[in-house]
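Below is one structure, written out as structure tokens; the observations come after it.
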Amino acid sequence: MSSKKHITFKILLFLIFTDVLETFAQFCFKKSAMSGNLLGINTLSEGIVFIKTVIPSPFLWVGLFSVLCLFIIWSAILSKIDLSVAVPVASFSYVGIPVVSLIFLHEKISLLRWSGICFILAGVILVSMSSRQKARPV
Amino acid sequence: MKQHIFLIIGLILLTDIFDTISQLFLKSSINSLDLHVNTIKKALQFTWQLIRIPRVWIGFIFSTVSLGFWLFVLSKSDLNFAFSLDSMRYILITLASGLFLKEKISPSRWMGIICVVFGIMLVAAG
Numbered sequence: 000m001s002s003k004k005h006i007t008f009k010i011l012l013f014l015i016f017t018d019v020l021e022t023f024a025q026f027c028f029k030k031s032a033m034s035g036n037l038l039g040i041n042t043l044s045e046g047i048v049f050i051k052t053v054i055p056s057p058f059l060w061v062g063l064f065s066v067l068c069l070f071i072i073w074s075a076i077l078s079k080i081d082l083s084v085a086v087p088v089a090s091f092s093y094v095g096i097p098v099v100s101l102i103f104l105h106e107k108i109s110l111l112r113w114s115g116i117c118f119i120l121a122g123v124i125l126v127s128m129s130s131r132q133k134a135r136p137v
Numbered sequence: 000m001k002q003h004i005f006l007i008i009g010l011i012l013l014t015d016i017f018d019t020i021s022q023l024f025l026k027s028s029i030n031s032l033d034l035h036v037n038t039i040k041k042a043l044q045f046t047w048q049l050i051r052i053p054r055v056w057i058g059f060i061f062s063t064v065s066l067g068f069w070l071f072v073l074s075k076s077d078l079n080f081a082f083s084l085d086s087m088r089y090i091l092i093t094l095a096s097g098l099f100l101k102e103k104i105s106p107s108r109w110m111g112i113i114c115v116v117f118g119i120m121l122v123a124a125g
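Below, the structure written as structure tokens:
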């Protein structure tokens, strides 16, 4: 147990990658759902018809494959660090996505949102540092 | 209208609780394996061992139900509201990690998690 387990830069990169992959998977599912029968689903049989129309969509399968990869990567991460570290640090996407959309999409970020981003960043740094302290042998 | 909002709040909490349970099952199964993953091949072997633990599948079921609740919430509720309340999951997961997985949550980790939750609320409000 003493080999546990402080967060490294590599693990941080993998955590950010899971956020990106998660977003990609959601995008694929949304795309595949829109290719399906959009007449509205109210009954079970209509639901089955919907699923049948979605199954040929390549987006569905790419999305499912992404989820499989996500599971493998997330499990590997959890084998190295505490759950109470991995989950808050994964909230880094709340920092990364606005900054990326600022740089590449030239979206405006309000002052309130910037202050939120700073709080999240501070929180992620605090949590990461707390995992480092624990790693020291006593 | 008021009843409606309570239903949404309840469902968001259920989403977070179910998600926490699924993460607990996954993490406790991983802890029971105690394998060092450093190559892709080892990661695949590790996953293969993992999916033969029944608890992991119970976790999958919880996670699917949680996703179902979440999609329902998103179809009914204001996105900003849903996201800021959903940040409760960080507190739930931390509490559960301390209680059930015996992870040591130092004061600075708590501080960090509270900062994250507060920050998400600000981002959602902004």
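Protein chains in written order, with numbering that gives the first Met the number 0: chain A, 0 to 137; chain B, 0 to 125.
For every residue, glycine included, the Cβ atom is placed at its ideal position computed from N, Cα and C.
If we cut at 9 Å on Cβ distances, does Leu-32 of chain B have a partner in chain A? Closer than 9 Å: yes.
If we define contact as Cβ-Cβ less than 9 Å, is Ile-29 of chain B a contact residue for chain A? Cβ-Cβ to chain A under 9 Å: yes for Ile-29 of chain B.
Check whether the stretch 58-71 of chain A touches the stretch 18-25 of chain A, counting contact only when three or more Cβ pairs, one atom from each stretch, lie closer than 8 Å. Counting Cβ pairs under 8 Å, three or more are found: they touch.
Excluding the five sequence neighbours on either side, which residues of its own chain have a C-beta within less than 7 Å of the C-beta of Ile-90 of chain B, listed in chain order? Answer for Ile-90 of chain B: Ile-112 and Val-116, listed in chain order.
Separation of Lys-29 of chain A from Ser-56 of chain A, as counted between CA atoms: Near 11 Å, if we compare the C-alpha coordinates of Lys-29 of chain A and Ser-56 of chain A.
To the nearest angstrom, how far is it from the Cα of Ser-83 of chain B to the Cα of Leu-43 of chain B? In this model, Ser-83 of chain B and Leu-43 of chain B are separated by some 35 Å (Cα to Cα).
Residue-level contact to chain B via CB, Phe-58 of chain A, 9 Å cutoff: Not an interface residue.
Kindly indicate which three-state DSSP category Gly-125 of chain B falls into: helix, strand or coil? Residue state for Gly-125 of chain B is assigned as coil, using DSSP reduced to three classes.
Using only alpha-carbon positions, find the residue among A:Val-86, A:Val-123, A:Phe-8 and A:Ser-31 that is nearest to Lys-51 of chain A. That would be A:Ser-31, whose Cα lies nearest to the Cα of Lys-51 of chain A.
Can you list, in chain order, the residues of the stretch 55-87 of chain B whose Cβ is nearer than 7 Å to any Cβ on chain A? Identification of residues in the stretch 55-87 of chain B having a C-beta nearer than 7 Å to some C-beta of chain A yields an empty set.
Tell me whether Ser-31 of chain B is buried or exposed, calling it buried when 16 or more other Cβ atoms sit within 10 Å of its Cβ. Ser-31 of chain B should be labelled exposed.
May I ask you to list, following chain order, the residues of the stretch 1-23 of chain B that have a beta carbon less than 8 Å from some beta carbon of chain A? Of all residues in the stretch 1-23 of chain B, the ones placed with a Cβ closer than 8 Å to any Cβ belonging to chain A are Gln-22 and Leu-23, in chain order.
Is Ala-75 of chain A close to chain B, meaning its C-beta is less than 9 Å from at least one C-beta of that chain? Answer yes: the Cβ-Cβ gap between Ala-75 of chain A and chain B drops below 9 Å somewhere.
Please classify Leu-25 of chain B as buried or exposed, where buried requires at least 16 other C-beta atoms within 10 Å of its C-beta. Counting every other CB atom within 10 Å of its CB across the protein chains shown gives Leu-25 of chain B a total of 16 or more, marking it as buried.
Select from A:Ser-34, A:Ile-10, A:Ile-108 and A:Thr-42 the residue whose C-alpha is nearest the C-alpha of Val-36 of chain B. Closest by alpha carbon: A:Ile-10.
Whole alpha helix (DSSP H) elements within the stretch 28-81 of chain B, 4-residue minimum: The stretch 28-81 of chain B contains, as complete alpha helix (DSSP H) runs of 4+ residues, the segments 39-49 and 53-75 (chain order).
Pull up the distance between the alpha-carbon of Leu-111 of chain A and that of Ala-123 of chain B, whole angstroms please. A straight-line Cα-Cα distance of about 9 Å links Leu-111 of chain A and Ala-123 of chain B.
According to DSSP, is His-3 of chain B part of a helix, a strand, or is it coil? Shown here, His-3 of chain B sits in a helix according to DSSP, grouped into three states.
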